[in-house]
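Trainee: Please see the structure below; I have some questions.
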Amino acid sequence: MDSANAQKLEAMLRTLWRGNQAVLLERVELLRAAPRDELARSQAREAAHKLAGVLGTFGLPQGTELAREAEAILEQPIDAADCVALAAIADHLAAVIAAKSNEGVHPASPLP
Amino acid sequence: MQRRILIIDDEDDIREVAALSLETVAGWEVLTAHSGAAGIVRAAEEQPDAILLDVMMPGMDGPTVVQELRKNPATQGIPVLLLTAKVQGADQRRFAGLRVAAVLLKPFDPLTLARQVSDALGWGK
């Protein structure tokens with residue numbers, strides 16, 4: 001792919017990133033909300049799964065890794081320690097997303 | 113010959129990024145659908161050259177969509193590539209039985225998605 005097309009794609013991805021931030025942060029908040037009941041846990045797990053699938057595509061492989069950690073925790077009923085861990089992951093994800101917003105979007109290689 | 117790809121994914125951002133990627137990098141015409149049910153209808157109407165299909169969707173999931181596509185003579189021959197953020201042992205066995213063209217992992221790289229699709233389908237060879 002030529003550099004003109006790559007630049008065009010990156011510019012479009014930056015625009016998409018700006019438009020999708022609110023949805024991404026809503027999903028992060030679902031992780032922070034201490035999902036103790038089955039429905040809330042299911043919603044949080046789905047949010048983590050979606051974050052894992054999309055953050056790397058926007059050039060945030062660290063975000064994908066964090067989301068996968070959250071998804072793994074949410075596979076089982078959670079306890080107080082899990083809630084603390086999820087809150088920490090949510091804080092970290094929010095920081096990663098905020099940092100990217102200041103940089104722009106750089107497509108990254110997918111995780112192995 | 114311009115290729116036509118149908119993307120079926122319930123996530124707006126994934127559909128948008130994948131469509132941008134395939135249109136910009138490969139120059140393909142991209143159609144989209146936000147659910148399995150909508151995707152099945154679109155596939156029958158539009159007869160795309162291939163379908164990029166998310167696995168985890170509410171209502172009708174990806175594997176179920178594949179089974180429905182195979183039942184319709186109008187869509188049974190369209191190659192399908194699954195798109196998923198997670199592949200575990202049970203998933204691998206289920207996907208193997210579907211005879212899809214490929215299973216692509218999320219997150220994908222927008223710069224190389226078109227090449228992954230082309231390679232899986234033998235386009236350009």
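Heads up: the sequence lines are chains V and S, in that order. When the letters of the first sequence are read in order and numbered with our numbering, they come out as residues 1 to 112. When the letters of the second sequence are read in order and numbered with our numbering, they come out as residues 113 to 237. A virtual CB, placed ideally from N, CA and C, is assigned to each residue, including glycine.
1. Out of V:Trp17, V:Lys100, V:His92, V:Glu103, which has the shortest C-alpha to C-alpha gap to glutamate 29 of chain V?
2. Straight-line CA distance for methionine 172 of chain S to alanine 98 of chain V?
3. In the DSSP assignment, what residue or residues form a beta bridge with isoleucine 119 of chain S?
4. Check whether the Cβ atoms of isoleucine 163 of chain S and valine 192 of chain S sit closer than 7 angstroms, and answer yes or no.
5. Assuming valine 215 of chain S is part of the beta strand (DSSP E), what are its boundary residues?
6. Alanine 80 of chain V and arginine 32 of chain V: beta carbons closer than 7 angstroms?
7. Can you tell me whether threonine 64 of chain V is helix, strand or coil according to DSSP?
8. Between the beta-carbon of aspartate 125 of chain S and the beta-carbon of valine 84 of chain V, is there less than 7 angstroms?
9. Counting C-beta neighbours from all protein chains within 10 Å, is the total for proline 77 of chain V 16 or more, i.e. buried, or is it exposed?
10. Under 7 angstroms, Cβ to Cβ, is there at least one residue of chain S near lysine 8 of chain V?
11. Please confirm whether leucine 16 of chain V has its beta-carbon closer than 7 angstroms to some beta-carbon of chain S.
12. Measure the alpha-carbon distance for alanine 145 of chain S versus asparagine 102 of chain V and round it to whole angstroms.
Mentor: Result, derived from the coordinates:
1. Within the first sequence, numbered from 1, the residue matching residue 29 of chain V stands at position 29. When each option's Cα is compared against that of glutamate 29 of chain V, the closest is V:His92.
2. If you number the second sequence from 1, residue 172 of chain S lands on position 60. If you number the first sequence from 1, residue 98 of chain V lands on position 98. Cα-Cα distance, rounded: 34 angstroms.
3. Residue 119 of chain S sits at position 7 when you count from the first residue of the second sequence. DSSP lists S:Thr144, S:Leu164 as partners of isoleucine 119 of chain S.
4. Here the question's residue 163 of chain S lines up with position 51 in the second sequence. Here the question's residue 192 of chain S lines up with position 80 in the second sequence. Result yes, Cβ atoms of isoleucine 163 of chain S and valine 192 of chain S sit closer than 7 angstroms.
5. The count along the second sequence starts at 1 and reaches residue 215 of chain S at position 103. Element bounds for valine 215 of chain S: 214 to 217.
6. Within the first sequence, numbered from 1, the residue matching residue 80 of chain V stands at position 80. Within the first sequence, numbered from 1, the residue matching residue 32 of chain V stands at position 32. Arginine 32 of chain V is positioned such that its CB atom lies no closer than 7 angstroms to that of alanine 80 of chain V.
7. Taking the first residue of the first sequence as position 1, residue 64 of chain V is located at position 64. In the three-state reduction of the DSSP assignment, threonine 64 of chain V falls in the helix class.
8. Sequence index remark: in the second sequence, residue 125 of chain S carries index 13 (1-based). Sequence index remark: in the first sequence, residue 84 of chain V carries index 84 (1-based). Taking 7 angstroms as the Cβ cut-off, aspartate 125 of chain S and valine 84 of chain V do not qualify as a contacting pair.
9. Taking the first sequence and counting its residues from 1, one reaches residue 77 of chain V at position 77. When all chains shown are included, proline 77 of chain V counts as exposed.
10. In the first sequence, residue 8 of chain V corresponds to position 8, counting from 1. At least one chain S Cβ lies under 7 angstroms of lysine 8 of chain V.
11. Indexing the first sequence from 1 puts residue 16 of chain V at position 16. For leucine 16 of chain V, the answer is yes, since a Cβ of chain S falls inside 7 angstroms of its Cβ.
12. Indexing the second sequence from 1 puts residue 145 of chain S at position 33. Indexing the first sequence from 1 puts residue 102 of chain V at position 102. Cα to Cα, the separation comes out at about 32 angstroms.
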